[in-house]
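Number of protein chains: 2
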Amino acid sequence: MPVTLHELAKVANCSVSTVSRALTDSDHRVNEVTKKRILNLADQLGYHPNIAARGLKTDRTFTIGLVVYNIASPFTPILIRGIQEHLKQNNYYSIIISTDWDPELESAAVHQLISRSIDGIIFVESWRDESNKALDLANKPYVFVYRLFNGTYANSVLLDDRYGACLAVEHLVNLGHRRIALINGPHDWNSSIERLAGYRDVLEQYGISFDPTLVAEGTWEVQSGYPAVKNFLELPDRPTAIFAANDLMALGAIYAIQDAGLSVPEDMAVVGYDDREIASLSKPTITTVCPPSFEMGKLAAQLMLDRLENQNEMQDPIRVQGKLIIRESCGASPGKVPPEYHVSHTNPPELLIRKWRGINPGE
Amino acid sequence: MPVTLHELAKVANCSVSTVSRALTDSDHRVNEVTKKRILNLADQLGYHPNIAARGLKTDRTFTIGLVVYNIASPFTPILIRGIQEHLKQNNYYSIIISTDWDPELESAAVHQLISRSIDGIIFVESWRDESNKALDLANKPYVFVYRLFNGTYANSVLLDDRYGACLAVEHLVNLGHRRIALINGPHDWNSSIERLAGYRDVLEQYGISFDPTLVAEGTWEVQSGYPAVKNFLELPDRPTAIFAANDLMALGAIYAIQDAGLSVPEDMAVVGYDDREIASLSKPTITTVCPPSFEMGKLAAQLMLDRLENQNEMQDPIRVQGKLIIRESCGASPGKVPPEYHVSHTNPPELLIRKWRGINPGE
DNA sequence: TTTCTTTTACTATTCGTTTCGATAAGTATG
DNA sequence: CATACTTATCGAAACGAATAGTAAAAGAAA
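Which chain is which? The protein sequence lines are A and B, in order.
When you line the first sequence up against the working numbering, it's residues 383 to 745, in that order.
When you line the second sequence up against the working numbering, it's residues 383 to 745, in that order.
The structure is reproduced here in C-alpha cells:
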C-alpha cells in the first residue's frame with residue numbers, strides 16, 4: 383500500500399537504483415540536482431523505506447530485541463525508556479518481550495526475535511545465570527543489564543550496590559550516628575552481599591566496630607522490616623539509626639518505630655534504598671539511594687551500538703553508581719546537597735559474586 | 383546467518399516450495415511422510431522463518447505497533463502487559479514507541495511503524511484528540527485505549543469512570559455515611575466530569591441532597607488533597623466521609639485528617655481511586671477503585687485481532703468497569719466482598735464528553 | 001495398453017531494497 | 001584524434017519466503 387521505490391522512480395523519471403542511491407546518502411554517486419528532486423518527491427509522496435526489505439539485502443534492521451523479565455516491575459519501565467531514548471537517537475527501535483521469569487519463554491522470545499531479524503538483543507533484569515542455547519544459536523550481539531551470564535558479568539551494565547550502601551551509611555555517620563543497624567535482604571542474594579560489604583566498609587573507615595546483633599535479614603517485603611525493628615528496640619544499647627536495604631523494608635521499619643511510640647527521625651533515623659515512589663509519599667518521606675535506571679538503560683543501549691556500529695568486542699561490566707536522595711527520615715535538611723563520598727571501596731572481588739539475581743519482583 | 387528455506391530444501395532433498403508448503407500447513411498438497419521429515423529437519427537445524435521476507439510477500443508481519451504516551455507512567459506497563467500477553471497467544475508481537483506527549487513524535491512514531499510494516503497500531507493513553515494525518519496515510523487498522531480520536535470514541539477501550547465513582551460512593555453510603563465529600567480532579571477533565579456524575583448518581587439514588595460545599599477541586603496531586611480537607615473540617619456540618627478522585631489526593635486527605643488530630647477511618651472514612659501501589663502501603667491502607675488495566679489491554683488487543691483476522695469493522699467504544707478494593711480506610715472489614723452494585727447509571731451521554739485527556743502523568 | 005484424474009513436486013516470479021557491473025556521456029591527457 | 005579517466009545513470013541479480021502455474025508420477029478407468 384505505501385509508496386515504493388518503484389513508484390518514486392516512475393514519477394521521478396529515473397531508475398530505481400538512482401532513487402535508492404539518492405535516498406541512502408551514503409553514496410554520493412548521484413547528481414546533486416536529481417538528488418534534491420528525488421528527495422523532494424519522496425517527501426511529497428510520503429515515501430518511507432520498507433525496513434524489512436532493506437534488511438533482507440543489508441542484514442541490518444536497526445531493530446533491537448529487548449528481553450525483559452517483567453515490564454510491570456518497578457524499575458523496568460524507566461530502564462526501558464533509557465534504552466529506547468538512546469536507541470531512537472541513533473535511529474534504532476526495539477521489540478520488547480516480557481518473559482515472566484520463565485526460562486522457556488525466554489528461549490521462545492529469543493527465537494521470535496531472530497525470526498524478526500533483529501540486530502542484537504538486550505536482556506534486562508533476569509535472575510537466571512545459565513547460558514542460553516538459543517542465544518548462542520542466534521549469533522547476534524547481546525548485552526545484559528542487572529544480570530550475570532554464564533558465570534560472568536561480561537558485557538553488562540550493573541548497579542554498584544556496595545557504593546550505594548556506602549552512601550547511605552556514611553550519610554548516617556555524618557549525622558553523628560554510631561550505632562547503625564542494617565536490615566538486609568536475604569543473605570544469599572548478591573545485592574544483599576554487596577550492600578552488607580558497603581555497610582562494613584563505612585564502619586571500618588570510621589573506626590566503628592561491627593556488631594552482628596545490629597544486622598537483620600529481611601525478605602525485601604514491608605512486613606519483614608517490622609519485626610527486625612522490634613528486636614532492635616529491645617537491645618540494651620539500641621541503635622539510633624537504621625539502614626534498610628530497600629524502601630519497602632524501610633517503610634516497615636518506620637511503622638514499627640512509630641508504633642513503639644517513637645518518631646522518625648527524632649528518635650531513630652532511617653535510610654532506604656531504591657527510591658521507589660513510596661519514598662517520596664510516606665510520612666516522613668524517606669532518604670534513600672536512587673539507582674540511575676534511566677542512565678543504565680542508556681549505557682546498555684550504547685554498549686549495543688558500540689558492538690553494532692563500531693564492531694567493538696565484549697567488554698568488562700560497567701558498574702553504575704546511584705545517588706543519595708536526602709528527604710525527611712534522617713533529620714538532615716531535605717534537598718541539601720549530600721556530603722561528598724569519602725569511603726573508598728574496592729570493586730567487588732569475584733568471590734563476592736556468588737549468586738546474582740538482580741532486582742527481584744518483590745523488591 | 384540463520385538457516386533459510388533454501389538450505390532446508392537442500393538438506394531435505396526437495397524443492398523450496400515443498401518445504402514452504404510443509405511448514406505453512408495451510409496447504410496440504412504435500413505428502414504426509416515428507417512433511418514429517420521436513421518438520422523434523424527444520425526443528426533439528428533450528429529453522430525460523432524470516433518474518434520480514436514473508437511479510438514482503440504476504441503483506442502480514444504479525445507485528446503490531448504500540449504508540450504509548452509514556453511507558454513509565456503508572457498504568458501503562460500493566461496495560462502493555464495485557465496487550466502483549468493476548469497478542470502473544472495469537473502469535474503476534476509488538477513494537478513499542480513512547481511519545482512523551484509530543485504530537486510531532488507521535489507522527490514520527492507512526493511513520494517508523496509503517497516503515498517497519500506493522501499490521502496495525504494500538505494507541506495507548508494519550509490526551510490528544512486531534513486527527514493524525516500520518517495515521518490516515520497509514521491505511522492500517524488502529525485501536526485506541528483511554529483516548530478520544532477525531533471527536534469520537536470509535537474503536538476504543540475506555541474505563542467507565544462514572545461506574546467506578548458509583549462503586550466508591552455507594553460503598554460509603556452502605557457503611558452509613560450521609561455527608562460525603564468529593565475531592566475531584568480539575569473540572570474540565572473528562573474523568574473528573576464522569577466521576578462527579580457517578581457521585582451524584584448515588585446521592586440521588588439514596589435521596590441524599592447534593593451539597594456543592596462538599597465538592598472540592600484538586601489537581602490530582604497529593605498536596606491538593608490536604609487543603610481540601612482543611613476546608614471540610616471547618617464546615618459547621620462537616621462530612622463523615624470523603625471520596626477522592628485518585629489515590630494521591632486520598633493520601634493527602636488522610637494526612638490532613640491525621641494532622642487535625644482525627645483518625646481514619648474512625649473519625650472520617652476515605653475512598654480513593656486508581657489502586658496505585660501507595661494504596662496498599664499507606665497507613666491506613668486505602669480502599670480504592672481498581673481499573674482493570676490488564677484486561678483493558680487484552681480487550682484492545684482482541685479488538686485489533688478482530689479487525690485483522692476477522693475483518694471486523696470499526697466498533698463502538700467498549701467501556702470497562704473497575705472493581706472496589708476494600709482496605710482499611712473506610713472501616714469496612716478488609717477483604718470482604720464488596721456489596722453488589724445497585725445504583726443504575728446511563729452510559730455517559732455525548733455531552734458529557736467535552737475534553738478527554740485520559741490518564742495523565744501526574745495522576 | 002491408453003487415457004483421464006489425482007497427488008506430489010518443481011520452476012519461475014514476486015515482494016521492496018541494495019548493490020555490482022555495465023553503459024554512455026563528458027573531460028582531460030598525450 | 002585516440003585513449004584514459006570521471007561522472008551520472010541504468011539494468012539486473014540478489015536477499016528469504018510465498019505461490020501461481022505446470023509438469024511429472026502414480027493410480028484409476030476405459
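A virtual CB, placed ideally from N, CA and C, is assigned to each residue, including glycine.
It should be emphasised that the depicted structure is a prediction, and the values quoted were computed from it without experimental measurement.
Is there at least one Cβ from chain B nearer than 7 Å to residue i's Cβ?
i	result
Arg411(A)	no
Ser645(A)	no
Ile496(A)	yes
Ala434(A)	yes
Ser499(A)	yes
Ile708(A)	no
Arg442(A)	no
Ile460(A)	yes
Arg463(A)	yes
Tell me which residues share the same chain as residue i and place their Cβ nearer than 6 Å to its Cβ, disregarding the 5 neighbours each side in the sequence.
i	result
Tyr451(B)	Thr481, Trp483, Glu507, Ser508
Asn694(B)	Asp688
Pro673(A)	Leu541, Gly704
Leu596(A)	Ala563, Pro621
Tyr475(B)	Thr445
Leu448(A)	Ser476, Ile478, Ile504
Glu659(B)	none
Leaving out the 5 sequence neighbours to the left and right, which residues in its chain are closer than 7 Å to residue i when beta-carbon positions are compared?
i	result
Gly437(B)	Thr443, Ser499
Arg560(B)	Ile590
Tyr723(B)	With a pLDDT of 48 at Tyr723(B), under the threshold of 50, the modelled position of that residue is not reliable, and no figure is offered here.
Ile565(B)	Ala598, Gly600, Gly607, Ala610, Ile624, Ala626, Ala627, Met631, Ala635
Pro568(B)	Ser574, Glu599, Thr601
Leu423(A)	Leu390, Val393, Ala394
Asn472(B)	Leu687
Leu487(A)	Thr481
Leu615(B)	Ala642
Show which residues of chain B have a CB atom less than 8 Å away from the CB atom of residue i.
i	result
Val604(A)	Leu663
Leu633(A)	Leu663
Gln587(A)	In chain order: nothing, as chain B lies at least about 34 Å away.
Taking only beta-carbon atoms, is residue i less than 7 Å away from chain A?
i	result
Ala454(B)	yes
Leu438(B)	yes
Val719(B)	The pLDDT assigned to Val719(B) is 47, lower than 50, so where the model puts this residue is not dependable; a value taken from the coordinates is nonetheless given after this. Output row for Val719(B): interface = no.
Pro485(B)	no
Pro609(B)	no
Tyr655(B)	no
His660(B)	Reading the sequence as shown, one finds Ile at residue 660(B) and not His. At least one chain A Cβ lies under 7 Å of Ile660(B).
Ile478(B)	yes
Check the Cβ of residue i against every Cβ in chain B and list those closer than 9 Å, keeping chain order.
i	result
His493(A)	Gly428, His430
Excluding five sequence neighbours on each side, which residues of the same chain lie with their C-beta closer than 8 Å to the C-beta of residue i?
i	result
Gly428(A)	Pro384, Val385
Val555(B)	Ile562, Val584, Tyr588, Ile590
Gln684(A)	His468
Glu648(B)	Gly713
Ile433(B)	Thr443, Phe444, Thr445
What in chain A is Cβ-close to residue i, meaning under 7 Å?
i	result
Pro384(B)	Ile496
Tyr637(B)	Lys665
Counting only Cβ pairs nearer than 8 Å, list the residues of chain A close to residue i.
i	result
Arg403(B)	Here the premise fails: no neighbours, minimum Cβ distance about 19 Å.
Tyr475(B)	Ile477, Ile479, Gln494, Arg498
Gln466(B)	Ile453, Ile478, Ile479, Ser480
What residues of chain B sit near residue i, judged by a beta carbon separation below 7 Å?
i	result
Gln684(A)	By Cβ distance, chain B contributes nothing, its closest Cβ being about 18 Å from Gln684(A), past 7 Å.
Next item on the list: Within the region 598-633 of chain B, note down every full alpha helix (DSSP H) run reaching 4 residues or more, in order along the chain.
Entry: 604-616
Next item on the list: Assess, as a yes-or-no matter, whether the region 460-477 of chain A is touched by the region 475-493 of chain B under the definition of 3 or more beta carbon pairs within less than 8 Å.
Entry: yes
Next item on the list: May I have a chain-ordered list of the alpha helix (DSSP H) segments no shorter than 4 residues that lie completely inside the region 432-519 of chain A?
Entry: 433-440, 458-471, 485-497
Checklist line | Segments assigned beta strand (DSSP E), at least 3 residues, entirely inside the region 671-718 of chain A | finding: 700-702, 705-707
Check: With contact counted as at least three CB pairs below 8 Å, one residue from each stretch, are the region 643-663 of chain A and the region 645-654 of chain B in contact?
Finding: no
Notebook entry, point to check: Taking only runs of the alpha helix (DSSP H) that begin and end inside the region 530-585 of chain A, which ones reach a length of at least 4 residues, in chain order?
Noted result: 543-556
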